[in-house]
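In what follows, a structure is listed as structure tokens, so that the remarks can point back to it.
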Amino acid sequence: MQALNGLAEAYEAARRDRGFRRRYLRLLAEYSGRPTPLCRADNLGRAWGGSAVYLKREDLNHTGSHKINNCLGQALLAKERGRSRVIAETGAGQHGVAAAAACALMGLSCTVYMGRLDMGRQAVNVRKMLLMGAEVRCVAQGSETLKDAINEAMRDWAESHDTTHYMIGSVVGPHPYPAMVRDFQSVIGFETRRQFLAREGRLPSAVVACVGGGSNSMGMFAAFLRRPRVRLVGVEAYGRGPAPGDNAATLRLGSPGVLHGAYTYLLHDAWGQILETHSVSAGLDYPGVGPEHSFLKDSGRVEYACASDEEALDAFGELASREGIIPALESAHALAFGRRAALEAGPAGAIVISLSGRGDKDMDIAGAACAAGRKEA
Amino acid sequence: MSASIRDMAAGIKKRGGKALVPYFMGLWPDAASFHGLVLGSVRAGADAVEIGVPFSDPVADGPLIQAAGREALSKGAAPPDVFRETARIACRTDAPVVLMTYANPVLRMGADRFFAAAAQSGASGVIVPDAPLEESDGLRGPAAAAGIELIPMICRGAPESRIEAAAARAGAFLYLVALKGVTGPREGWEPDVAAEVATARRFSAVPVYAGFGISSAGQAASAASQADGAVVGSALIGAYRSGGPEAVFGLIRAMRRAIDGDFQCAFQGGEKCGCS
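Chains as they are written, first to last, in this note's numbering: chain F, 913 to 1289; chain L, 650 to 925.
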């Protein structure tokens, strides 16, 4: 608790510090290349019933996803607090790569915990982290994915918090992380709102983003929560279906509980044991969800929907072939729902989809899935 | 029938003794061996026992307790099974029983039901390491209603205000985490909790037991001499894996001798006499 209280105070001070904000915004602009474009995807729009479809191109960030927004903020905070070492967990490896990059930039030592299963399916990201000087520790426990990597990082931090900053990659975990990560990611939503208004002279009718832990969606929604006419939809991974262990649809299929220091919806059994999850995308493979998403579900402000592995893979291929953009499989879940929303809305619709990351890392998985699909057919 | 942890802790402190509390994972390695370990450890000198209700994601635990919990879960050990076996143990010993688990199994059952079932099983205290002081008010009422002591934990290096708050909420004993980090043996490490114990004693007469990292007789004696007792968990699981139940009881007997010997020496001259 001392470590968390100390971090909460430091973050609160940094948030109010204009100098800190200026240094953070400069890093976003010069290092990550922000603002990222809001692209109108007319080929998709025509195929999807004539809606105006826009993509927020977080995939064009340095390191290939929105994760860098948060890592630059937390690395800056760690540096200014005099921490010399950073630890992080990663699922798909996107947060691990962004953490390794931010630490290399700022001269911080970096250790990334990653589940063994994820290290296998995201080997390229492991190599990138190593190249940028990070140490990658293999977690061979539980489901060997993101949840277990968080457990190990928390155990490390319990021992090391005097010298080490724990850089959580999503809006999960204990306070202040859900609020801090949301704030660092809210640049996605505020840029989108400004860009959309400039382009269309109105607000979008719907904004769609994928939800694993929920950082890109929370950052996107943050700018629209007080605009009640904008429909907000978070899309979870329905995996292979509704059976326990076959999906990561926490808000849809879970119930409230405590994991990793947060009271939030969880996928757990009748006795509170956390279930293993499945999603074709490693970044959505988490049995919890950010606590603010749980609040937004219960308050009814945000709708939470699902997309299956198959729907995500279809959307992955469709965006590539129609627009020449290869999305991360995580983002492909948002695209899959975006298609449904566009078809429902028709020509009056103006839909923004958060393209949270690029899909280079997923080429092998998508290729294998296509090959398997062909065999079945 | 198990005595109450509060009475036992107060009684030992009153007669100037020091407590030794071993931890075992519920139903590990199997139900019969678990019974033998708990009852045998009381015969070997334990004053009370702590029984783990396994949880899938025990972030406060190191590799030894994690593995024991995983094995118990893989055999289907759910809270009702642990309650049932605890009840069988509690009617065969005077030693108090304290359960240790994490917040989610408690909340999933419902705190009222969980604490009532714990009390029914003969346990008199519950420890929930991931429900810190600031967040445990919701558990305190249901625990009290069931007659269960919710045992607060604080870490070495905690600020005075937190130690005061924890001591004020402690009924049976205050659990002092003797190191920064998770459970498990540490080589070449000496418990150093005198400052936190002194702070707690300024605010409360409640006994302070130190746990986490205590794996040798010498560490147990050192922790108990600074505090009012020592809690030992991972080391016993390690001992069982390397030498079976006899190794567990041997370690408990050695800790008992070291704690009592040290305590008598302290009376005689204030110096440690190396009796560990």
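From the three backbone atoms N, C-alpha and C, an ideal C-beta is built for every residue, glycine too. Computed from a predicted model, the values in this text were never measured in an experiment.
| Check | Outcome |
| --- | --- |
| Can you list the residues of chain L that His1077 of chain F reaches, using a CB-CB cut of under 8 Å? | Neighbours of His1077 of chain F on chain L: none; closest Cβ ~15 Å, over 8 Å. |
| Find the residues of chain L that neighbour Lys1059 of chain F, judging by a C-beta separation of less than 8 Å, and give them in chain order. | Asp706 |
| Cβ atoms of Val1119 of chain F and Phe1136 of chain F: under 7 Å apart, would you say? | yes |
| Which residues in chain L have a C-beta closer than 9 Å to the C-beta of Glu1071 of chain F? List them in chain order. | Leu828, Lys829, Gly830, Val831 |
| Measure the Cβ-Cβ separation of Ala1052 of chain F and Arg1067 of chain F and say whether it is below 7 Å. | no |
| Could you check the C-alpha separation between Ile700 of chain L and Pro745 of chain L for me, to the nearest Å? | 11 Å |
| Taking 7 Å as the cut-off, decide whether the C-beta atoms of Met904 of chain L and Ala849 of chain L are in contact. | no |
| Contact criterion: CB-CB distance below 7 Å. Does Arg757 of chain L meet it with respect to chain F? | yes |
| Residues of chain F with CB closer than 8 Å to the CB of Gly927 of chain L, please, in chain order. | Absent from the model: residue 927 of chain L. The displayed extent of chain L is 650 to 925, so no value can be given. |
| Determine the extent of the alpha helix (DSSP H) in which Gly1032 of chain F is found, giving its start and end residues. | 1028-1033 |
| Exposed or buried, Met674 of chain L, counting other C-beta atoms within 10 Å across all chains shown (16 or more means buried)? | buried |
| For Gly1169 of chain F and chain L, any beta-carbon pair shorter than 7 Å? | yes |
| Any idea what DSSP makes of Lys829 of chain L, helix, strand or coil? | coil |
| Against Gly806 of chain L, what residues of chain F qualify as contacts under a CB-to-CB distance less than 8 Å, listed in chain order? | Gln914 |
| What first and last residue would you give for the beta strand (DSSP E) that runs through Ile999 of chain F? | 997-1002 |
| Does chain F have any CB closer than 7 Å to the CB of Ala717 of chain L? | no |
| If I follow the unbroken beta strand (DSSP E) through Pro1168 of chain F, where does it start and stop? | 1167-1171 |
| Counting only C-beta atoms, is Arg1028 of chain F closer than 7 Å to chain L at any point? | no |
| With 9 Å as the limit, tell me which residues of the stretch 759-789 of chain L have their beta carbon closer than that to any beta carbon of chain F; keep them in chain order. | Asp779, Ala780, Pro781, Leu782, Glu783, Glu784 |
| Using a cut-off of 7 Å between C-beta atoms, extract the partners of Asn1063 of chain F located in chain L. | Asp706, Val708 |
| Give me whichever residues DSSP pairs with Lys1040 of chain F in a beta bridge. | DSSP output for Lys1040 of chain F lists no bridge partner at all. |
| Which residues does DSSP pair with Glu1215 of chain F in a beta bridge? | F:Val1145 |
| Let's test the definition: count the other Cβ atoms within 10 Å of the Cβ of Asp679 of chain L and tell me whether it reaches 16, buried, or not, exposed. | exposed |
| Fully enclosed by the stretch 766-843 of chain L, which alpha helix (DSSP H) runs are 4 residues long or longer? | 786-795, 809-818 |
| Can you find a C-beta in chain F that's less than 7 Å from the C-beta of Ala727 of chain L? | yes |
| Below 7 Å on C-beta distance, what does His1180 of chain F contact in chain L? | Asn753, Arg757 |
| Pick helix, strand or coil for Ala1121 of chain F, following the three-state DSSP scheme. | strand |
| So for Met913 of chain F, helix, strand or coil by DSSP? | coil |
| Return the Cβ separation of Asp706 of chain L and Lys1059 of chain F in integer angstroms, given the expectation that the two are a contact with Cβ distance under 8 Å. | 7 Å |
| May I ask you to list the residues that DSSP assigns as paired with Glu699 of chain L? | L:Tyr672, L:Val747 |
| What's the gap between the Cα of Ala659 of chain L and the Cα of Glu798 of chain L? | 13 Å |
| Within 10 angstroms of its Cβ, does Asp786 of chain L collect 16 or more other Cβ (buried), or is it exposed? | exposed |
| For the beta strand (DSSP E) containing Gly1081 of chain F, list its first residue and its last residue. | Segment: none, Gly1081 of chain F is in no beta strand (DSSP E) and carries neither H nor E. |
| Starting from Ala964 of chain F, follow the beta strand (DSSP E) in both directions and report where the run begins and ends. | 964-969 |
| Taking any Cβ of chain L, which residues in the stretch 1074-1100 of chain F have a Cβ under 8 Å from it, in chain order? | Asp1074 |
| Are the beta-carbon atoms belonging to Gly985 of chain F and Tyr943 of chain F less than 7 Å from one another? | no |
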